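Student: If you're matching positions, the sequence shown starts at 1140 in my numbering and goes up one per residue. We put the beta carbon where it would ideally sit given N, CA and C, even for glycine. Note that this is a predicted model, so its numbers are computed, not measured. Would you mind keeping the following structure in view while I ask a few things?
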Amino acid sequence: MILPDKRPVERDFANLTDYSQKCPDGARKFFAFIHFTDESTCLWSNIFTFSRTFATMLVMEKFSDCLEYVSSINIHEMDY
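Structural data, given as structure tokens:
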């Protein structure tokens, strides 16, 4: 059986990306999906840093005031 993609409903999805930022030379590009206990999702893209560990720290810092409502954090590296 083929099922349709489960994409977030627009009212349950927020995009916090600042598309005006430019990646510094030598830095790696990451993006993160943050899922909350109310089943909403947030995308934060254009995270420029030199390691995945520091990208995780930046996400934790950005969402530090609501960590008790975070159910999962998925960090991915952009290949381009």
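Between Leu1197, Arg1191, Lys1201, which lies nearest to His1215 when the distance is taken from Cα to Cα?
Tutor: Numbered from 1 along the sequence shown, position 76 holds the residue referred to as residue 1215. Of the listed residues, the one whose Cα sits closest to His1215 is Arg1191.
Student: Kindly indicate which three-state DSSP category Cys1205 falls into: helix, strand or coil?
Tutor: What you label residue 1205 is simply residue 66 of the sequence shown in a count that begins at 1. Note: Cys1205 maps to helix in three-state DSSP.
Student: Between which residues of its own chain and Arg1150 is the CB-CB distance below 6 Å, once the five residues before and five after are set aside?
Tutor: Stepping through the sequence shown from its first residue, residue 1150 is reached at position 11. Around Arg1150: no qualifying Cβ.
Student: Express the C-alpha separation of Ala1194 and Asp1218 in angstroms, rounding to a whole number.
Tutor: In the sequence shown, the residue the question calls residue 1218 occupies position 79. In the sequence shown, the residue the question calls residue 1194 occupies position 55. Using only the alpha carbons, I get a separation of about 15 Å.
Student: Which runs of the alpha helix (DSSP H) at least 4 residues long sit entirely within the stretch 1170-1219? Give them in chain order.
Tutor: 1191-1201
Student: Are the stretch 1201-1212 and the stretch 1164-1179 touching, with three or more C-beta to C-beta distances below 8 Å?
Tutor: yes
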